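A.B. asks: If you scroll down you'll find the structure; I have some questions about it.
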Amino acid sequence: MAKTTTRPKPATSKKTEASGSAAPDGAADIRMIPLDQLEPSPLNVRKVAASASDDAELLASIRETGIKQNLVVHALSETRFAVDAGGRRLKALKQLAENGVIPADHPVPCLVEDERNAVLTSATENLQRAAMHPADQFEAFDKMIAEGRSEDEIALKFGVSVDLVRRRLKLARVAPEIIEQFRAGDLTLECVMAFTLTDDHDRQLAVWNAVKGSYHIHPQSIKRQLTETAHSANSALGRFVGIEAYEAAGGVLLRDLFDDRACAHMENPDLLERLAIEKLQAAAKPFEADWKWVEVHLSVDYGAFRSFGRVYPQDIDPDPDLLAEEERLIAREEELAAQNDGEDWTDAETEEYYAIEPRLREIEALQRERQPYADEDRAIAGVVLTIGHDGALRVEKGLVRPEDIPAAPEPDDTTKNADGAPSPARPQVTPPTSSTPVPSSDPAATLRKADGISASLADDLRATRQHILRAHLAADFEVAFDAMLYALCEQALGRSYNNEALDISIRPFQVQNREVLHADTVAQKMLEALEQDLATDWMTLEKPQDFRAMSALPIADKQALFAWATGLAVKPQLSSDNRPSPIIEEIGARLDVDVAACWRPTAQNYWGRVNKGHAVATSRKLIGDDYAEDRNRERKGDISAAMERAFAETASETEGFDAATVAKTTRWLPDGMVFAGATEADAKMIGDASEAEEGDVPAADVLAEAESEEPSSLPAFLSGDAA
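Quick note on numbering: the sequence shown equals residues 1 to 723 in the UniProt record's numbering.
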């Protein structure tokens, strides 16, 4: 396009107030002047240049949307005009012309005024201009996103980075109540930025209510309160789990987009701890077959290991290949160090030098791992797996609990048996150096907590399971006799390790809310029926007549009394507890205790006490996605009631589930409630239901079989027919 050499006629003529720039006496007009006739005015009062980022934003805006406000100029000649107000806009237009985006003579709207007013106009525009409030700016960005514009598009239009757009959009997600405080001047922009650590408005408002009464509200105090229950991703626990594994499991990560130095925070501590426990337990599996015990701890103070005795590995010759590598690395390290203290190193030599020391430590650890422990040492010792201060797995082997340390030999003890054969080697244990109790951990409680099972609910499930086991044990003399004899022998013959299945002092286990937990349950009906038949008249006599009368009872009456008393001694536990007694599980399996027939989860005893996520996840797994989504949209009380119906014995009638689903929901129990031995039967039932789903077994037959079992009825020995 040819350049225009004469002043163009004005394209429009407007009143001054319509132009957006002041003009004295309203005498000037808006004219379209070619860009190449405009130049900066020496009378412009702005001397400090705007930042490069501000200029870039303006350039992008003009490129995308054009000039929205006229320039103010005064004439230097017929074809030259000085820009008194709008210097940055002129600079942006010149840059666009240089880049070939617009022609050099692109028409620009200008308000032409007298030169005498140039300084006044420039000062007025720069001094009286009110910048857009930041809250208005980032809310405007948010509205653009709502209109369907992308972050990249917004960044392009305003000449800013996509990262900056994301930061401003993050500000737009702060609770409206906090934004209003910002508009009113009660909060600084830095404080609003601090609230963006989380998008949870309830959490933001809770922190705001906590800090708003402070004399001075500081951004760091807001950040501290928002992250007080979170773990830093740089913490030992955070590094051990890792951000990728945490987010893959659904964890929420708090990132400060406004501070490049700030680390992320993991907002779900229960989930993080569960992932760490699971990772530790997986690492512990290889040790379980070889050692007496294996424990995992999220953290252990270094001094706590002094509470254990120690056994140590046997010395063996080092691996020759590793030894040769170690010697080669040491020689190379010395060679590099001799080269003028590293001043003449190449980048490759520098990298090589600093990689030597970590590899030497690895070789040392590998050589140590090869050293075996004696069988007799592993028979009394254990392993603790925990997280080191650097976030790496830490394995402490050869730890001996104080009660497992063998007694010192008597002075006259010989090294041979009576038949002259050598005595077995006695473990050599270094005694503890601290009397502090050995550390204990409960990874099972951590896992339950992450799944929404509170400590009080776990206690009630434990008490319910004990009550059911007690009812079955009280009706079976043979199992009760064996269990009690076993407990007596453990204590009398010195094999007790404080993990007995029975408390032979017969202190009946009592749960605080037993009236609620046990009222009108199958187990309670069993116990009441058994108690009515006990021969207890002898207990009204004086001593020793009572003993003589009891001794004269028929053997069947004695067996009933023995079983009843033994049942009272059973300790409560869930099979998912940390270090559960395998004897209790064996007792339950031998009695073939059917917990699902004696207890079903209701809104009162279970579903109303777990979190929504656990209920939805369980229904999704056993019933289906559609049912789970329906529950996910309901309130907590409605979910609890629906889950009670779905997992009741009458689910086929009330919910209309098919046979396969009924077979699963009417037999489902929380983790740890099933006794070993019943697991296979339940698995078979669910497996049969799955086959029915595939069409191999008619659904009506499976449903009829499930309904005919009548799991809530009393055992045969308590029914009227048995009598």
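The C-beta atom is built at its ideal place from N, Cα and C for all residues, glycine as well.
Every value quoted in this text rests on a predicted model; they were computed, and no experiment measured them.
Just mark Pro109 as buried or exposed, buried being the case when its beta carbon has 16 or more other beta carbons within 10 Å.
C.D. replies: Counting from one through the sequence shown, the residue named residue 109 turns up at place 109. Its Cβ being crowded by 16 or more others within 10 Å, Pro109 is buried.
A.B. asks: Between which two residues does the beta strand (DSSP E) harbouring Glu267 extend?
C.D. replies: Numbered from its first residue, the sequence shown carries residue 267 at position 267. No beta strand (DSSP E) holds Glu267; DSSP gives it neither H nor E.
A.B. asks: Comparing alpha-carbon positions, which option in Ala348, Pro318 and Tyr353 lies nearest Glu335?
C.D. replies: In the sequence shown, counting from the first residue as 1, residue 335 sits at position 335. Distances from the alpha-carbon of Glu335 to those of Ala348, Pro318 and Tyr353 put Tyr353 closest.
A.B. asks: What residue from Ile356, Thr521 and Val610 has the CA that sits closest to Asp451's CA?
C.D. replies: For the purposes of this step, residue 451 is identified with residue 451 of the sequence shown, where counting begins at 1. Measuring from the Cα of Asp451, the nearest candidate turns out to be Val610.
A.B. asks: With the cut-off set at 8 Å, would you say Leu561 and Leu591 are in Cβ contact?
C.D. replies: Taking the first residue of the sequence shown as position 1, residue 561 is located at position 561. Taking the first residue of the sequence shown as position 1, residue 591 is located at position 591. Not in contact: Leu561 and Leu591 (Cβ atoms no closer than 8 Å).
A.B. asks: Whose C-beta lies closer than 6 Å to the C-beta of Pro10 among residues of the same chain, with five residues either side of it excluded?
C.D. replies: The residue labelled residue 10 in the question sits at position 10 within the sequence shown. Low local confidence applies: a pLDDT of 37 at Pro10 is under 50, so the model's placement there is unreliable, and no value is given.
A.B. asks: Take the Cβ of Glu267 as the centre, count every other Cβ of all protein chains shown within 10 Å, and call the residue buried at 16 or more, exposed below.
C.D. replies: For the purposes of this step, residue 267 is taken as residue 267 along the sequence shown, with counting starting at 1. Glu267 should be labelled buried.
A.B. asks: Compute the distance between the beta-carbons of Ala589 and Ala641, then report whether it is under 8 Å.
C.D. replies: Along the sequence shown, read from residue 1 onward, the residue named residue 589 stands at position 589. Along the sequence shown, read from residue 1 onward, the residue named residue 641 stands at position 641. No; because the gap between Cβ atoms is not below 8 Å, this pair is not in contact.
A.B. asks: Do you know offhand how far Gln428's Cα is from His389's?
C.D. replies: Taking the first residue of the sequence shown as position 1, residue 428 is located at position 428. Taking the first residue of the sequence shown as position 1, residue 389 is located at position 389. Cα to Cα, Gln428 sits roughly 30 Å from His389.
A.B. asks: For residue 728, I'd like the list of residues in its chain whose CB is within less than 6 Å of its CB, leaving aside the five on either flank, ordered along the chain.
C.D. replies: Here the chain has residues from 1 to 723 only, and residue 728 is not among them.
A.B. asks: If you count every other CB in all the chains shown that lies within 10 Å of the CB of Tyr302, and 16 or more means buried, which is it?
C.D. replies: Start at 1 with the first residue of the sequence shown, and residue 302 comes out as number 302. With fewer than 16 Cβ atoms within 10 Å of its Cβ, Tyr302 is classed as exposed.
A.B. asks: Quick check: Trp291 and Arg359, are their CB atoms within less than 8 Å of each other?
C.D. replies: Mapped onto the sequence shown, residue 291 falls at position 291. Mapped onto the sequence shown, residue 359 falls at position 359. In this structure, Arg359 does not lie closer than 8 Å to Trp291 by Cβ.
A.B. asks: For Lys223, count the other beta carbons within 10 Å of its own beta carbon; 16 or more makes it buried, fewer makes it exposed. Which is it?
C.D. replies: Residue 223 sits at position 223 when you count from the first residue of the sequence shown. The residue is buried, with at least 16 neighbouring Cβ atoms inside 10 Å.
A.B. asks: Output yes or no for whether 8 Å exceeds the beta carbon distance between Leu517 and Asp460.
C.D. replies: Working through the sequence shown from its first residue, we reach residue 517 at position 517. Working through the sequence shown from its first residue, we reach residue 460 at position 460. Yes.
A.B. asks: Please return the same chain residues whose Cβ sits closer than 6 Å to the Cβ of Asp577, not counting the five positions on each side in sequence.
C.D. replies: On the sequence shown, position 577 is the one that residue 577 refers to. For Asp577, where only same-chain residues beyond five positions count, the Cβ hits under 6 Å are Ala444.
A.B. asks: Let me confirm a value: Ala615 is counted as buried when at least 16 other C-beta atoms fall within 10 Å, else exposed. Which label applies?
C.D. replies: Numbered from 1 along the sequence shown, position 615 holds the residue referred to as residue 615. So Ala615 counts as buried.
A.B. asks: Any idea what DSSP makes of Phe81, helix, strand or coil?
C.D. replies: Here the question's residue 81 lines up with position 81 in the sequence shown. DSSP, reduced to helix, strand and coil, places Phe81 within a strand of the structure shown.
A.B. asks: Look at the Cβ atom of Met193, then the Cβ atom of Leu169, and state whether they are nearer than 8 Å.
C.D. replies: By one-based count along the sequence shown, residue 193 stands at place 193. By one-based count along the sequence shown, residue 169 stands at place 169. For Met193 and Leu169, no; Cβs fall outside 8 Å.
A.B. asks: To the nearest angstrom, how far is it from the Cα of Glu151 to the Cα of Gln204?
C.D. replies: The sequence position of residue 151 within the sequence shown is 151, counting from 1. The sequence position of residue 204 within the sequence shown is 204, counting from 1. Looking at the two C-alpha atoms, the distance is approximately 25 Å.
A.B. asks: For Trp293, write down the residues that DSSP places opposite it in a beta bridge.
C.D. replies: Looking up residue 293 in the sequence shown gives position 293. Its beta-bridge partners are Gly382.
A.B. asks: Please report how far the alpha carbon of Ala282 lies from the alpha carbon of Arg394, in whole angstroms.
C.D. replies: Here residue 282 refers to the residue found at position 282 when the sequence shown is read from its first residue. Here residue 394 refers to the residue found at position 394 when the sequence shown is read from its first residue. Rounded to the nearest angstrom, the two C-alpha atoms are 13 Å apart.
A.B. asks: Buried or exposed, going by whether 16 or more other CB atoms sit within 10 Å of the CB of Lys68?
C.D. replies: Counting from one through the sequence shown, the residue named residue 68 turns up at place 68. So Lys68 ends up on the exposed side.
A.B. asks: With a CB to CB cut of under 7 Å and the five nearest residues on each side skipped, what residues in its chain are close to Leu329?
C.D. replies: Locating residue 329 in the sequence shown gives position 329, counting from the first residue. Only Ile356, Arg359 and Leu360 meet the Cβ criterion.
A.B. asks: Helix, strand or coil for Lys94, going by three-state DSSP, please let me know.
C.D. replies: The residue labelled residue 94 in the question sits at position 94 within the sequence shown. Here Lys94 sits in helix by DSSP.
A.B. asks: Might you give, ordered along the chain, the residues of its own chain that have their beta carbon closer than 8 Å to the beta carbon of Asp315, omitting 5 neighbours on each side?
C.D. replies: Position 315 of the sequence shown holds residue 315. Contacts found: Gln371.
A.B. asks: At 4 residues or longer, and completely inside the segment 146-220: list those alpha helix (DSSP H) runs for me, N to C.
C.D. replies: Fully enclosed alpha helix (DSSP H) runs of 4 or longer: 151-158, 162-172, 176-183, 189-195 and 201-211.
A.B. asks: Cα separation between Ala249 and Asp321?
C.D. replies: Here the question's residue 249 lines up with position 249 in the sequence shown. Here the question's residue 321 lines up with position 321 in the sequence shown. Cα to Cα, the separation comes out at about 41 Å.
A.B. asks: Looking at C-alpha atoms only, which residue of Ala617, Asp84, Leu71 and Asp202 is the closest neighbour of Pro107?
C.D. replies: The residue labelled residue 107 in the question sits at position 107 within the sequence shown. Closest option to Pro107, Cα to Cα, is Leu71.
A.B. asks: Straight-line CA distance for Ile179 to Glu634?
C.D. replies: Counting from 1 along the sequence shown, the entry for residue 179 is found at position 179. Counting from 1 along the sequence shown, the entry for residue 634 is found at position 634. Distance between the alpha carbons of Ile179 and Glu634: 31 Å.
A.B. asks: If Leu272 and Leu237 are in contact, beta carbons under 8 Å, what's the gap, nearest whole angstrom?
C.D. replies: To locate residue 272, count along the sequence shown from 1; it is residue 272. To locate residue 237, count along the sequence shown from 1; it is residue 237. 6 Å between Cβ atoms; contact.
A.B. asks: Would you kindly work out how many angstroms separate the C-alpha atoms of Val174 and Glu139, rounded to a whole number?
C.D. replies: Along the sequence shown, one-based indexing puts residue 174 at 174. Along the sequence shown, one-based indexing puts residue 139 at 139. Spanning the two alpha carbons is a distance of roughly 10 Å.
A.B. asks: So, helix, strand or coil for Met32, using DSSP?
C.D. replies: The residue you call residue 32 lines up with position 32 of the sequence shown. Note: Met32 maps to strand in three-state DSSP.
A.B. asks: Does Val72 come out as helix, strand or coil in the three-state DSSP assignment?
C.D. replies: Position 72 of the sequence shown, counted from the first residue, corresponds to residue 72. Val72 falls in the strand class under three-state DSSP.
A.B. asks: Roughly how many whole angstroms lie between the Cα atoms of Asp55 and Asp347?
C.D. replies: Taking the first residue of the sequence shown as position 1, residue 55 is located at position 55. Taking the first residue of the sequence shown as position 1, residue 347 is located at position 347. Distance between the alpha carbons of Asp55 and Asp347 is about 40 Å.
A.B. asks: Just to check my reading of the structure: Arg448 and Ala463 have Cβ atoms closer than 8 Å, yes? What is that Cβ distance to the nearest angstrom?
C.D. replies: If you number the sequence shown from 1, residue 448 lands on position 448. If you number the sequence shown from 1, residue 463 lands on position 463. At roughly 15 Å, the Cβ-Cβ gap does not stay under 8 Å, so Arg448 and Ala463 are not in contact.
A.B. asks: Return helix, strand or coil for Gly100, following the three-state DSSP convention.
C.D. replies: Residue mapping note: residue 100 aligns to position 100 of the sequence shown, counting from 1. Three-state result, Gly100: coil.
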